[in-house]
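Peer 1:
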Amino acid sequence: MFEPHLVGAPAAPDPGPHPAAHARVARKLNPGSAGTLRWQRRFGPQQLGVRHRLSHNGRTRYTTVELLVAEEPVTPRTDRTVALRVQVHERDLQAALRAAGARWDPAAKLWRTPLRVARLLKLQARIVNES
Numbered sequence: 262m263f264e265p266h267l268v269g270a271p272a273a274p275d276p277g278p279h280p281a282a283h284a285r286v287a288r289k290l291n292p293g294s295a296g297t298l299r300w301q302r303r304f305g306p307q308q309l310g311v312r313h314r315l316s317h318n319g320r321t322r323y324t325t326v327e328l329l330v331a332e333e334p335v336t337p338r339t340d341r342t343v344a345l346r347v348q349v350h351e352r353d354l355q356a357a358l359r360a361a362g363a364r365w366d367p368a369a370k371l372w373r374t375p376l377r378v379a380r381l382l383k384l385q386a387r388i389v390n391e392s
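Numbered according to our numbering, the sequence shown spans residues 262 to 392.
(1) If I measure Cβ to Cβ from Ala357 and keep anything under 7 angstroms in the same chain, skipping five residues before and after, which residues do I get?
(2) Among Leu298, Arg322, Leu354, Gly293, which one has its Cα closest to the Cα of Arg282?
(3) Ala287: which of Arg312, Glu391, Val389, Arg346 sits nearest, CA to CA?
(4) Using only the alpha-carbon positions, how far apart do Asn390 and Ala360 sit?
(5) Confirm, please, whether the CB-CB distance from Trp372 to Val347 is below 7 angstroms.
(6) For Val326, I'd like the list of residues in its chain whose CB is within less than 7 angstroms of its CB, leaving aside the five on either flank, ordered along the chain.
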């Protein structure tokens with residue numbers, strides 16, 4: 262049996278995904294329901310569900326168990342705000358920016374929007390460096 266934690270152990274060839282990964286889900290069972298108690302005794306409260314999958318020819322049934330392996334707080338990504346230069350006569354572009362939630366900065370005479378919005382509208386070339 263291959264044990265990756267052994268120092269100097271040869272690398273195991275990647276066999277690819279298990280056939281069950283592409284098998285059709287025949288039944289999904291929630292924790293505590295009939296057919297999950299054996300697995301719940303084994304895996305405890307980390308068990309989130311059991312699935313029975315059938316092979317493509319229907320001759321093999323695979324039983325898979327979904328386990329909770331980590332729990333961490335989510336820290337939302339901060340999207341960098343960029344300044345865009347848009348000419349006065351470009352009314353359609355101003356309307357598109359407004360619709361996407363961009364704000365006009367009258368002091369700087371620039372539009373302020375998250376970088377993802379500028380990328381979505383393909384306006385990266387109009388980003389102004391304000392350093």
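The beta-carbon is built from N, C-alpha and C at its ideal position, and this holds for glycine as well.
Peer 2: Reading from the atomic positions:
(1) Against the sequence shown, residue 357 aligns to sequence position 96. So the qualifying residues of the chain are Leu382.
(2) Taking the first residue of the sequence shown as position 1, residue 282 is located at position 21. Position check: residue 282 holds Ala in this sequence, whereas Arg was assumed. Residue Arg322 is the option with its Cα nearest to Ala282.
(3) Within the sequence shown, residue 287 is the residue found at index 26, counting from 1. The shortest Cα separation from Ala287 among Arg312, Glu391, Val389, Arg346 belongs to Arg312.
(4) For the purposes of this step, residue 390 is taken as residue 129 along the sequence shown, with counting starting at 1. For the purposes of this step, residue 360 is taken as residue 99 along the sequence shown, with counting starting at 1. Going by the C-alpha atoms only, they are around 24 angstroms apart.
(5) As a working mapping, residue 347 is identified with position 86 in the sequence shown. As a working mapping, residue 372 is identified with position 111 in the sequence shown. In this structure, Trp372 lies closer than 7 angstroms to Val347 by Cβ.
(6) What you label residue 326 is simply residue 65 of the sequence shown in a count that begins at 1. Closer than 7 angstroms at Cβ, skipping near neighbours: Trp300, Phe304, Gln308, Val311.
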